[in-house]
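J.: I'd like to ask you about the structure that follows.
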Amino acid sequence: MMSHLINISRKIRNVHDLRQLHAQLVHHSLHHHNHWVALLLNHCTRLVAASNYASHIFESATYPNVYVFICIIKYYSQSQTQSEAVSLFKHMQYNDIKPDASLYPILIKCAGKACGVLFHSHVLKLGYVHDHYVRNAIMGMYAKYGPVHLARKLFDEMHDRNVADWNVIISGYWKWGNEEEASRIFHMMGESQRNVITWTTMVTGYAKSRNLKTARMYFDNMPQRSVVSWNAMLSGYAQSGEPQATIRLFNHMLNSGNEPDQTTWVTVISSCSSLADDDPSLVDLVLRKLEKVNFQSNYFVKTALLDLQAKRGNLEAARMIFDQLGVGKNSVTWNAMISAYARAGDLSVARDLFNKMPERNTVSWNSMISGYAQNGESLMAIKLFKEMISSKDSKPNEVTMVSVFSACGHLGALDLGNWTVSTLNENNIKLSISGYNSLIFMYSRCGSIEDATIIFQEMETRDLVSYNTLISGLAAHGHGMEGIKLMSKMKEDGIEPDRITYIGILTACSHAGLLEEGQKVFQSIKVPDVDHYACMIDMLGRAGKLEEAMKLIRSMPMEPHEGIYGSLLNAACIHKRVELGELAAAKLFKVEPHNSGNYVLLSNIYASAGRWKDVDKVWDTMRKQEVQKTTAWSWVEHKGEIHKFIVGDRSPKRSDDIYKLLANIKVKLRRAGYVVDKSCVRRDVEEEEKEEIVGVHSEKLAICFALLVSDIGSVIRVGKNLRICLDCHTSIKMISKLEGRQIIVRDNNRFHCFSDGLCSCNDYW
DNA sequence: GTAGGGTTAG
Numbered sequence: 002m003m004s005h006l007i008n009i010s011r012k013i014r015n016v017h018d019l020r021q022l023h024a025q026l027v028h029h030s031l032h033h034h035n036h037w038v039a040l041l042l043n044h045c046t047r048l049v050a051a052s053n054y055a056s057h058i059f060e061s062a063t064y065p066n067v068y069v070f071i072c073i074i075k076y077y078s079q080s081q082t083q084s085e086a087v088s089l090f091k092h093m094q095y096n097d098i099k100p101d102a103s104l105y106p107i108l109i110k111c112a113g114k115a116c117g118v119l120f121h122s123h124v125l126k127l128g129y130v131h132d133h134y135v136r137n138a139i140m141g142m143y144a145k146y147g148p149v150h151l152a153r154k155l156f157d158e159m160h161d162r163n164v165a166d167w168n169v170i171i172s173g174y175w176k177w178g179n180e181e182e183a184s185r186i187f188h189m190m191g192e193s194q195r196n197v198i199t200w201t202t203m204v205t206g207y208a209k210s211r212n213l214k215t216a217r218m219y220f221d222n223m224p225q226r227s228v229v230s231w232n233a234m235l236s237g238y239a240q241s242g243e244p245q246a247t248i249r250l251f252n253h254m255l256n257s258g259n260e261p262d263q264t265t266w267v268t269v270i271s272s273c274s275s276l277a278d279d280d281p282s283l284v285d286l287v288l289r290k291l292e293k294v295n296f297q298s299n300y301f302v303k304t305a306l307l308d309l310q311a312k313r314g315n316l317e318a319a320r321m322i323f324d325q326l327g328v329g330k331n332s333v334t335w336n337a338m339i340s341a342y343a344r345a346g347d348l349s350v351a352r353d354l355f356n357k358m359p360e361r362n363t364v365s366w367n368s369m370i371s372g373y374a375q376n377g378e379s380l381m382a383i384k385l386f387k388e389m390i391s392s393k394d395s396k397p398n399e400v401t402m403v404s405v406f407s408a409c410g411h412l413g414a415l416d417l418g419n420w421t422v423s424t425l426n427e428n429n430i431k432l433s434i435s436g437y438n439s440l441i442f443m444y445s446r447c448g449s450i451e452d453a454t455i456i457f458q459e460m461e462t463r464d465l466v467s468y469n470t471l472i473s474g475l476a477a478h479g480h481g482m483e484g485i486k487l488m489s490k491m492k493e494d495g496i497e498p499d500r501i502t503y504i505g506i507l508t509a510c511s512h513a514g515l516l517e518e519g520q521k522v523f524q525s526i527k528v529p530d531v532d533h534y535a536c537m538i539d540m541l542g543r544a545g546k547l548e549e550a551m552k553l554i555r556s557m558p559m560e561p562h563e564g565i566y567g568s569l570l571n572a573a574c575i576h577k578r579v580e581l582g583e584l585a586a587a588k589l590f591k592v593e594p595h596n597s598g599n600y601v602l603l604s605n606i607y608a609s610a611g612r613w614k615d616v617d618k619v620w621d622t623m624r625k626q627e628v629q630k631t632t633a634w635s636w637v638e639h640k641g642e643i644h645k646f647i648v649g650d651r652s653p654k655r656s657d658d659i660y661k662l663l664a665n666i667k668v669k670l671r672r673a674g675y676v677v678d679k680s681c682v683r684r685d686v687e688e689e690e691k692e693e694i695v696g697v698h699s700e701k702l703a704i705c706f707a708l709l710v711s712d713i714g715s716v717i718r719v720g721k722n723l724r725i726c727l728d729c730h731t732s733i734k735m736i737s738k739l740e741g742r743q744i745i746v747r748d749n750n751r752f753h754c755f756s757d758g759l760c761s762c763n764d765y766w
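Each residue of the first sequence is one higher than the one before, starting from 2 at the first, in my numbering.
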């Protein structure tokens with residue numbers, strides 16, 4: 002019978018075999034015996050079986066001896082539950098079982114700093130400190146948690162070091178960023194003393210400090226390479242954002258007859274994920290290779306593969322991998338699936354998974370919050386962020402804040418933005434450059450270009466995005482000259498402007514009426530993009546130089562796109578040039594027949610020329626083409642809350658109050674000598690009476706005025722594709738004078754700052 | 001039984 006059981010135990014390949022052996026042992030009442038318990042636990046460790054199964058086996062031992070404890074502690078130290086290992090060790094001490102030296106390296110490795118130091122004192126007392134494995138583990142503990150000089154002290158005191166000791170101290174110095182000392186010790190070693198791990202440690206060290214050239218030099222000079230060495234170099238390229246180089250080295254690896262392992266595939270697949278848009282054929286090639294080798298993928302590989310399928314747009318394939326993972330899914334798998342749906346814009350499915358997942362972490366919240374933020378659901382993003390803070394199961398980090406800042410910026414909600422900034426300190430969040438960049442974006446989109454500038458100035462280092470964000474902000478606020486100055490400062494700092502910078506600068510010039518400066522900048526662009534031409538058409542058009550604009554269009558080396566004709570149509574509208582407007586509109590109706598904005602502009606051109614029949618014709622075409630007119634809306638922030646208003650909609654809670662207030666203002670305005678008509682206001686001056694009043698815009702703005710005068714000062718946000726029309730401008734100017742206050746209105750991406758009856762943006766006028 | 005490599009969020 003015994004030999005039968007021993008035979009079974011030799012043939013264990015998977016968890017199923019293990020369970021069968023366990024059943025046999027229970028059948029023969031042998032499962033209490035330490036010998037068999039230890040054997041089963043060793044199999045658990047080898048197979049990475051479920052932790053409750055291992056503890057079940059352990060508990061069946063009646064009087065566990067030191068070997069059984071070693072097995073279970075080893076098991077826990079290799080699975081995710083390392084704190085269990087330490088608590089079992091305490092359990093062992095409680096039962097007066099004397100640990101032997103071989104247990105300490107395992108314990109120290111998984112203990113964390115405080116326990117590690119405690120174990121150090123244990124081994125000193127027990128006299129185990131001269132054991133090679135023990136002292137190596139202690140050194141490794143100090144190398145990992147610091148202070149690294151204690152590791153060095155142990156190292157210096159050794160008179161019979163082996164290669165593992167050298168390797169630990171070198172990797173310790175790399176961990177603490179001490180490249181110099183790591184390299185010094187490497188060179189202290191003799192050529193024959195170094196092994197493949199020593200070399201790999203150097204490759205990893207240089208790769209992690211982004212010194213890929215030196216990393217590659219060590220890699221090329223290695224006497225021999227293991228699969229780990231290849232993986233170290235591959236991940237070096239991958240982590241530095243060089244996916245092409247990763248794939249190139251991977252091909253080199255295969256061609257020189259090396260067998261990739263799970264880690265290799267994870268690295269390569271995740272590099273493919275970032276190439277999914279740029280080079281789909283290369284990605285297909287790698288996927289075919291993976292199919293050909295047909296090997297056992299672990300969860301890491303499957304999760305990476307899930308992410309890749311999602312990023313190349315194959316959500317079904319991604320979902321299949323997710324479902325096939327069954328109960329083996331961890332939070333990373335869930336997060337990958339959630340962000341896949343969120344990226345694709347399928348927010349309800351993403352949210353459903355988010356609600357269902359068993360354990361959420363910071364990445365789960367971030368995936369969902371950024372999903373909302375990037376799909377225009379700014380309010381939902383902020384709502385979920387508030388839930389995250391009160392849930393307390395995970396803390397927000399910089400990535401969370403980037404999404405939240407962006408959401409606040411899109412809303413133009415300054416109070417909310419200031420509140421999110423205050424959560425930074427409460428949660429001890431440090432920002433990196435990209436965090437500060439999103440803060441610049443938020444402040445500038447919330448109308449506070451001053452705060453945006455302060456953040457920019459306070460930054461220790463700035464990158465291209467920092468400059469571009471502030472330049473675009475200045476452009477939107479009409480500060481053209483400051484934008485140009487910032488561009489020269491940028492060049493002084495050694496950062497070359499890119500196409501985004503030039504779009505920002507040209508927009509700034511266009512909005513500030515800086516024609517000459519804008520033209521100079523345009524001429525300095527080496528290879529102008531079609532969008533740069535669009536900015537120039539806009540600039541010339543606003544300045545009334547429509548003939549020059551037409552000339553520029555004809556001289557373009559590329560095919561004009563909708564932005565070009567859009568700018569032309571806009572200019573024709575401002576300067577009431579019917580024939581040019583018709584030309585531009587005809588082009589636009591072909592390219593984007595369902596954009597309602599173009600029809601509205603053309604109809605406005607006809608209206609300003611008194612050609613009412615043509616106005617009707619435009620609206621008829623719109624109806625025939627079934628063009629949906631964008632509903633006019635606006636929102637304002639009041640005490641951290643967002644109030645959205647849709648034209649004609651009287652349902653919001655406060656709408657009765659608002660309309661009452663509106664009526665009051667009308668009275669106030671009439672007394673001050675203004676004409677109030679259909680909820681809009683204008684001065685009763687002859688030349689302005691000719692202006693056609695576009696009711697929709699005026700009404701919703703009027704609602705905002707009501708809020709403004711009811712003691713709320715913040716940015717008014719006007720819906721996308723809508724423009725503030727002339728009468729609105731007049732109204733706001735007048736109210737700013739009447740109320741003696743500053744009013745900021747955001748119209749798509751432009752800001753209009755009104756104070757004392759003047760507007761600082763000379764757009765349209 | 002010591003040392004080296006890996007998945008998800010902006």
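Beta carbons: idealized from backbone N, C-alpha and C, even for Gly.
Predicted model only: the values in this text are computed from it and were never measured.
Out of 243, 241, 217, which one is the CA nearest neighbour of residue 231?
T.: Among 243, 241, 217, the Cα nearest to that of residue 231 is on 217.
J.: If you draw a straight line from the C-alpha of residue 450 to the C-alpha of residue 223, how long is it?
T.: If I take the Cα positions, the gap works out to 55 Å.
J.: How far does the alpha helix (DSSP H) with residue 515 in it reach, from first residue to last?
T.: Neither: residue 515 is in no alpha helix (DSSP H) and is coded neither H nor E.
J.: Which value, in whole angstroms, describes the spacing of the CA atoms of residue 398 and residue 246?
T.: So the alpha carbons of these two residues sit roughly 31 Å apart.
J.: On a Cα-Cα basis, can you pick out the residue from 502, 314, 394 that is closest to residue 341?
T.: Measuring from the Cα of residue 341, the nearest candidate turns out to be 314.
J.: Apply the 10 Å Cβ neighbour rule to residue 112 and answer buried if 16 or more other Cβ atoms are within range, or exposed otherwise.
T.: By the 10 Å Cβ count, residue 112 comes out buried.
J.: Please report the residue range of the alpha helix (DSSP H) in which residue 45 lies.
T.: Here the alpha helix (DSSP H) through residue 45 covers 35 to 48.
J.: Quick one: Cα of residue 529 to Cα of residue 440, how far?
T.: Straight-line Cα distance between these residues: approximately 30 Å.
J.: DSSP state of residue 712, grouped into three classes?
T.: Because residue 712 sits at a pLDDT of 44, beneath the cut-off of 50, its placement in the model cannot be relied upon, and the point is left open.
J.: Please report the distance separating the alpha-carbon of residue 93 from that of residue 32.
T.: So the alpha carbons of these two residues sit roughly 20 Å apart.
J.: So, at 8 Å on beta carbons, what are the nonlocal neighbours of residue 434 in its own chain, with the 5 sequence-adjacent residues on each side left out?
T.: Excluding sequence neighbours, residue 434 sits near 460, 462, 463, 464, 466, 467.
J.: If you draw a straight line from the C-alpha of residue 135 to the C-alpha of residue 280, how long is it?
T.: In a straight line, the C-alpha of residue 135 is about 50 Å away from that of residue 280.
J.: Just reading off the alpha helix (DSSP H) that residue 63 is part of, what are its end residues?
T.: Element bounds for residue 63: n/a, residue is neither H nor E.
J.: Which value, in whole angstroms, describes the spacing of the CA atoms of residue 396 and residue 116?
T.: Cα to Cα, the separation comes out at about 26 Å.
J.: Starting from the C-beta of residue 312, find all residues in its chain whose C-beta is less than 6 Å away, skip the five residues before and the five after it, and write them out in chain order.
T.: Result list for residue 312: 274, 277, in chain order.
J.: Would you be able to state if there are at least three C-beta pairs under 8 Å between the stretch 468 to 479 and the stretch 419 to 436?
T.: With a cut-off of 8 Å, the stretch 468 to 479 and the stretch 419 to 436 do not count as touching, because too few Cβ pairs lie within range.
J.: Taking the CB atoms as reference points, tell me whether residue 600 and residue 579 lie closer together than 8 Å.
T.: No, the pair does not count as a contact, with Cβ atoms beyond the cut-off.
J.: Please list, in chain order, all residues of the same chain as residue 239 whose beta carbon is under 6 Å from its beta carbon, the five residues on each side excluded.
T.: Counting only Cβ-Cβ distances below 6 Å, and skipping sequence neighbours, we find 247, 268, 272.
J.: Taking Cβ positions, are residue 514 and residue 544 nearer each other than 8 Å?
T.: The answer is yes: Cβ separation under 8 Å.
J.: Which residue's Cα is closest to the Cα of residue 363: 333, 204, 167?
T.: The option with the nearest alpha carbon to residue 363 is 333.
J.: Is the beta carbon of residue 206 sitting closer than 8 Å to the one on residue 180?
T.: Against a cut-off of 8 Å, the Cβ pair of residue 180 and residue 206 comes out as a contact.
J.: Just mark residue 244 as buried or exposed, buried being the case when its beta carbon has 16 or more other beta carbons within 10 Å.
T.: The residue is buried, with at least 16 neighbouring Cβ atoms inside 10 Å.
J.: Whole angstroms is fine: what's the gap from residue 307's alpha carbon to residue 317's?
T.: When rounded, the distance between both Cα atoms is 10 Å.
J.: If you draw a straight line from the alpha carbon of residue 687 to that of residue 534, how long is it in whole angstroms?
T.: With a pLDDT of 40 at residue 687, under the threshold of 50, the modelled position of this residue cannot be trusted, and the question is left open.
J.: Helix or strand or just coil, what does DSSP make of residue 253?
T.: Helix, per DSSP.
J.: In whole angstroms, what is the alpha-carbon distance linking residue 620 and residue 429?
T.: Near 56 Å, if we compare the C-alpha coordinates of residue 429 and residue 620.
J.: With H, G and I counted as helix, E and B as strand and the rest as coil, what does DSSP make of residue 628?
T.: Residue 628 falls in the coil class under three-state DSSP.
J.: As an exercise, report each continuous alpha helix (DSSP H) stretch of at least 4 residues that is fully enclosed by the stretch 243 to 308, in chain order.
T.: Fully enclosed alpha helix (DSSP H) runs of 4 or longer: 244 to 256, 263 to 276, 281 to 294.
J.: Return the chain-ordered list of same chain residues with a C-beta closer than 6 Å to the C-beta of residue 478, the five sequence neighbours on each side being excluded.
T.: Same-chain partners within the cutoff: 450, 752.
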